[in-house]
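Chemist:
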Amino acid sequence: MATVQADRTLDAREIDGEPFSDITAELDALDPGETFLLINHFEPKPLYAVLSKRGFDHETTQVADDEWHVEITHA
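What follows is the structure in structure tokens.
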């Protein structure tokens with residue numbers, strides 16, 4: 014599997030508790046043209062509507078049974 018060359022990366026598996034505020038902070042800091050890679054232990058389906066509403070595109074890849082990569086960019 015090719016590794017995404019992201020400008021920003023957040024591994025939500027390392028966060029103790031709810032990672033939503035950490036994710037939104039990364040989205041707020043993402044400049045146009047940059048890529049944000051979210052790594053999670055499950056597919057974060059509820060996040061997709063939030064991303065769309067905030068003007069982001071995403072591409073999700075399952076890389077292991079308990080590892081999902083979500084590549085996020087400005088729409």
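Everything in the sequence shown is counted per my numbering, starting at 14 for the first residue and increasing by one. Even for Gly, the Cβ is constructed at its ideal location relative to N, Cα and C. Here the structure is a predicted model, which is why all the values come from computation and not from measurement.
(1) If I follow the unbroken alpha helix (DSSP H) through Ile36, where does it start and stop?
(2) DSSP puts Phe49 in a beta bridge; with which residues?
(3) Give the range of the alpha helix (DSSP H) segment to which Pro57 is assigned.
(4) Tell me where the beta strand (DSSP E) around Glu27 begins and ends.
(5) Between Ile85 and the rest of its own chain, which residues show a CB-CB distance below 6 Å, the 5 nearest in sequence each way excluded?
Modeler: Concretely, from the data shown:
(1) Within the sequence shown, numbered from 1, the residue matching residue 36 stands at position 23. In the DSSP assignment, Ile36 falls within the alpha helix (DSSP H) that extends over 33–42.
(2) Mapped onto the sequence shown, residue 49 falls at position 36. DSSP lists Arg21, Ile85 as the beta-bridge partner residues of Phe49.
(3) By 1-based counting over the sequence shown, the position of residue 57 is 44. Per DSSP, Pro57 is not a residue of any alpha helix (DSSP H), being assigned neither H nor E.
(4) Counting from 1 along the sequence shown, the entry for residue 27 is found at position 14. Counting along the chain, Glu27 falls outside any beta strand (DSSP E), and DSSP gives it neither H nor E.
(5) For the purposes of this step, residue 85 is taken as residue 72 along the sequence shown, with counting starting at 1. Sequence-distant Cβ neighbours of Ile85 in its own chain, meaning closer than 6 Å and more than five residues away, are Phe49, Phe69, His71.
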